[in-house]
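Going down the list, the sequences are from chains L and V. Basically this note's numbering = 1-based index in the first sequence + 978. Basically this note's numbering = 1-based index in the second sequence + 713. Cβ coordinates follow ideal geometry from the N, Cα and C atoms, glycine included.
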Amino acid sequence: MITINNLTKKFGSKTAVQIEDYSVNDGEMIGLVGNNGAGKTTLFRLILDLLKPDTGSISIEGIDVNKSEDWKKFTGAFIDDGFLIDYLTPEEYFYFIGKIYGLKKQEVDERLTPFDRFMNGEVIGQKKFIRNFSAGNKQKIGIISAMIRYPKFLILDEPFNFLDPSSQSIIKHLLKSYNEKYQATIIISSHNLNHTVDICPRIALQEKGSIIRDITNENNSAEKELEDYFEVSE
Amino acid sequence: MIFNELRKHRKLASKRNPMYEKNKFGKFWVYIGAAFWAAYLIFFGIIFPSLFEETSPNMEPYYIMNGSILIFILIADFLFRFAFQQTPTQEVKPYLLLPIKKKRLIDFLLIRSGLSSYNYIWLFLFIPFSFLTITKYFGFWGVFTYCLGIWLLMIINNYWYLFCKTLIDEHICWIILPIVIYGAVISSLFIPKESLLFYILLDIGNGYIEGNLLYFIGTIIIIAFFWLANRQLMNKLIYAELSKTKDNKVKHISEFHFFEIYGEIGEFMRLEIKMLLRNKRPKTSFNMILVAVVIFSAALSFTDVYDSSGNMKLFIIVYAFIVFAMTTLLTIMGYEGNYLDGLMSCKETIRSLLQAKYYMYSLFELLPLILMLPAIITGKITFLSVISIMFFTVGFMYFLFFQLAVYNNNTEPLNEKLTGRQSGGKSRRLIVSFAAFIIPMVLYNLFIALMGEVMGEIILLFIGLGFMLTSRLWINNIYQRVMKNRYKNMEGFRDSRV
């Protein structure tokens, strides 16, 4: 699904991303973990062609991301507020995204149904523009907007940020079932090791721009290794 | 000490603006544009003396300048400031939590605004003018004191503008204040026929030329008055702004279903109109422009103020059509910079966005057309002249405005007003906005001189039509170039996002 070759991105003298060779298979769900400044968000921006790599290439389904836009048809992503059109209401925003992906309003409404619990009655029908929602609800709007297009490839940067505990639990299950139901390839980044270990069978540990460990996580087997690495054990 | 720190921050803000480092070509044109504008003013400063001598041989040219023209220069200066000058309070926010008295901050920002190089611009006109007209009676000292007086008047204009702009930012209804004041001033120049204001202005000008200290003291007192008024107002409004709650609930959400039938482009047209109606900054500038065009149109239609000057009539027509588009198209993509990452992660949305913008702003030009109808009906201007400028604007001028989509990479804050930061890239906008007025006027006059009025206007109309009919082609070309420039632009948008 995704192939990264000889990828580097520097900001001044600092190397933000340096990945020689990495690939993600169809239907995989990968957790990207790493300390602040490890280059996780930069890697996502490079994958989404929002940044120009200094060297190397990224291809999604064989399409070089900076040579064609065709991969955008089956890719959904949410990184930060910069993805949200904040003077729309959430409904308007979902319909807008739906329209771009050729969905009718009714289809968008149907696709929103599985997110009812996640939205907890605080998103739809509020007569509020997105800019007036709390950080947590903005996060929910961003995640849903990335998922309602039913992408084959989904990227979410820190999806658990700003969410209350029950919403964190719900989104974990939603992501897991989405991955299983649609055989979608999902990459999420997170500082929450427990959540990442809970839902991601494969975990990439990124430090100083490089993926230093590619961990297979079966039955939370990666938990100990990650806790040791991040020194979070008692 | 704090003054020096803030001065340093100002310098850093402009030096570290993404535009400063990244656009050497733009900087080159900034200097060219500035030189061009200075030359333009010097040119007027040189031709005015002989022009005034011809029109009023019994009066000294500086009498005409002081009694009749100066007030219009001050009004023009006031209007230009809306496009290029921000209120100092927009820079206060980052310092509000520091242990510095707010009044000191505002004082500094007001001083800096008063000493701004912008206030010297008109001296390019007044220095040559006064050299040619004043030296023979009052020597170089007269030139110096006169130009000093003019500079002080520009400082008054500066603070008067800041006062009005701060109030207008608070509520659009305050626009009535400058309208009433300037309406009264202009009326009193023409009614009664022996205008008292003419003699007052004449007297003030003479006071400056003669270096009469009382006139300078009077001017400085007025500056001090506006200073204090601004200080009080800004101090009060900063608190009001900080304690203000957001528009949490919206009573009525307009859907603009009409656009749904136009597919993805219709969706972007709907997005554009929502952007204009739901965000303070574009909404305020749109409203202000509407008011200005209504006033100009009314003055043109129902008074004889502009009857004697064909170029002034032409300017009003050009202004009405250009300014509507210019409010948003000068910063094209700038508002979208707030959410461009999201748009860029969807396929070819930028092409649809540009097309939607083109159709939307073309439709908006019906508004100035309607506003020009009274002047057409009253016979002040011809229908063909209006239509030719409209088509030329929607065709050729939009073609030029849309080129900025390739280069603009500064995010424009959608709702910032009192306590926001400044956005960059002003100089290029300054040049383009001057060019936007000059190009149609020059071409219009050129075609008319070469081919007569009707044929000249028809040619202008067909040039516009040509660009309109080929809009899909050149928009596609712009889209391709936007995509080529995307990394640089997205970085700029990200860096300048508030």
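At the 8 Å Cβ level, is residue i part of the contact set with chain L, yes or no?
| i | result |
| --- | --- |
| V:E1125 | no |
| V:N943 | no |
| V:D1054 | yes |
| V:S1058 | yes |
| V:R1210 | yes |
| V:Y1120 | no |
Rounding to the nearest angstrom, what Cα-Cα distance links residue i and residue j in this structure?
| i | j | result |
| --- | --- | --- |
| L:F1074 | V:F981 | 9 Å |
| L:I1041 | L:I982 | 11 Å |
| V:I917 | V:Y928 | 7 Å |
| L:N1197 | V:M1046 | 48 Å |
| L:I1177 | L:N1170 | 11 Å |
| V:Q1135 | V:R1210 | For V:Q1135, the predicted structure reports a pLDDT of 46, less than 50, and the residue's modelled location is therefore unreliable. The matter cannot be settled from this model. |
| V:T1132 | V:N948 | Only weak support is given to the placement of V:T1132: the predicted model assigns it a pLDDT of 40, under 50, and the value that follows is read from those uncertain coordinates. Going from the Cα of V:T1132 to the Cα of V:N948 covers about 12 Å. |
| V:I777 | V:Y1032 | 26 Å |
| V:I885 | V:E1061 | 37 Å |
| V:E1049 | L:Q1184 | 32 Å |
| L:M1028 | L:D1004 | Looking at the sequence provided, one finds Leu at residue 1028 of chain L rather than Met. Answer to the nearest angstrom: the Cα atoms are 23 Å apart. |
| V:L902 | V:V1007 | 21 Å |
| V:L1067 | V:L1053 | 13 Å |
| V:E1204 | V:Y1019 | 47 Å |
| L:L1026 | V:M1057 | 9 Å |
| V:L1221 | V:A1148 | Here chain V has residues from 714 to 1211 only, and residue 1221 of chain V is not among them. |
Apart from the five residues just before and just after residue i, which ones in its own chain have a Cβ nearer than 7 Å to its Cβ?
| i | result |
| --- | --- |
| L:I1148 | R1095 and F1096 |
| L:M1125 | G1054, L1132 and Y1156 |
| V:L915 | Y776, N779 and G780 |
| L:G1012 | K1018, L1183, Q1184 and E1185 |
| V:F939 | I869, Y872, W873 and F876 |
| L:Q1117 | N1139, F1140 and L1141 |
Report, in whole angstroms, the separation of the C-beta atoms of residue i and residue j, which I expect to be a contact under 8 Å.
| i | j | result |
| --- | --- | --- |
| V:G924 | V:W835 | V:G924 to V:W835, Cβ: 20 Å. No contact. |
| L:I1108 | L:Y1071 | 6 Å |
| V:K1093 | V:K1026 | 7 Å |
| V:S843 | V:Y831 | Not quite, the Cβ-Cβ distance comes to about 20 Å (not below 8 Å), so this is no contact. |
| V:M1110 | V:P1153 | 7 Å |
| L:V1175 | L:N1195 | 6 Å |
| V:F1034 | V:T1106 | 4 Å |
| V:G1055 | L:L1090 | Contact doesn't hold; Cβ gap of about 18 Å is too wide. |
| L:I1122 | L:G1009 | In fact, because the Cβ distance is near 20 Å, the residues do not count as touching under 8 Å. |
| L:T1020 | L:K987 | 6 Å |
| V:K814 | V:R944 | Their Cβ separation, rounded to whole angstroms, is 12 Å, which puts V:K814 and V:R944 out of contact at 8 Å. |
Identify, in the order they occur along the chain, each residue of the same chain with its Cβ nearer than 8 Å to the Cβ of residue i, setting aside the five sequence neighbours on each side.
| i | result |
| --- | --- |
| V:L754 | I834, W835, F837 and L838 |
| V:E766 | P774 |
| V:L946 | F876, T879 and L880 |
| L:I1102 | P1068, E1069 and L1090 |
| V:Y1072 | I978 and M982 |
Measuring only between beta-carbons, confirm whether residue i sits less than 8 Å from chain V.
| i | result |
| --- | --- |
| L:K1118 | no |
| L:K988 | no |
| L:I1025 | no |
| L:F1022 | no |
| L:F1061 | yes |
| L:I1102 | no |
| L:T1243 | Outside the displayed range of chain L (979 to 1212) lies residue 1243 of chain L, so it cannot be described from this structure. |
| L:I1057 | yes |
| L:F1107 | yes |
| L:K1018 | no |
| L:T1074 | For the record, residue 1074 of chain L in the displayed sequence is Phe; it is not Thr. It does: the Cβ of L:F1074 has a partner Cβ on chain V nearer than 8 Å. |
| L:G1078 | Before going further, note that residue 1078 of chain L is Ile rather than Gly in the sequence given. So, interface residue. |
| L:K1030 | yes |
| L:E1136 | no |
| L:P1050 | Here residue 1050 of chain L turns out to be Lys, not Pro, going by the sequence shown. At least one chain V Cβ lies under 8 Å of L:K1050. |
| L:E1196 | no |
| L:E1047 | yes |
For residue i, which residues of its own chain have a beta-carbon under 6 Å away from its beta-carbon, when the five flanking residues on both sides are left out?
| i | result |
| --- | --- |
| V:V1036 | I1002 |
| V:G1169 | F1160 and I1161 |
| V:T705 | Coverage of chain V is limited to positions 714 through 1211, which leaves residue 705 of chain V absent and any answer about it impossible. |
| L:I1223 | This structure leaves residue 1223 of chain L out entirely; chain L is present only between 979 and 1212. |
| L:L1204 | L1171 |
Cβ contact (3+ pairs, closer than 8 Å) linking the stretch 1108-1128 of chain V and the stretch 1035-1049 of chain V: yes
Cβ pair count under 8 Å reaching 3, the stretch 1089-1096 of chain V against the stretch 1013-1022 of chain V: yes
Segment contact, 8 Å Cβ cut-off, at least three pairs: the stretch 992-1010 of chain L with the stretch 1174-1190 of chain V: no
The stretch 1130-1144 of chain L in contact with the stretch 1159-1168 of chain L per 3-pair CB rule at 8 Å: yes
Cβ contact check for the stretch 1183-1191 of chain V and the stretch 1030-1048 of chain L: 3 or more pairs under 8 Å: no
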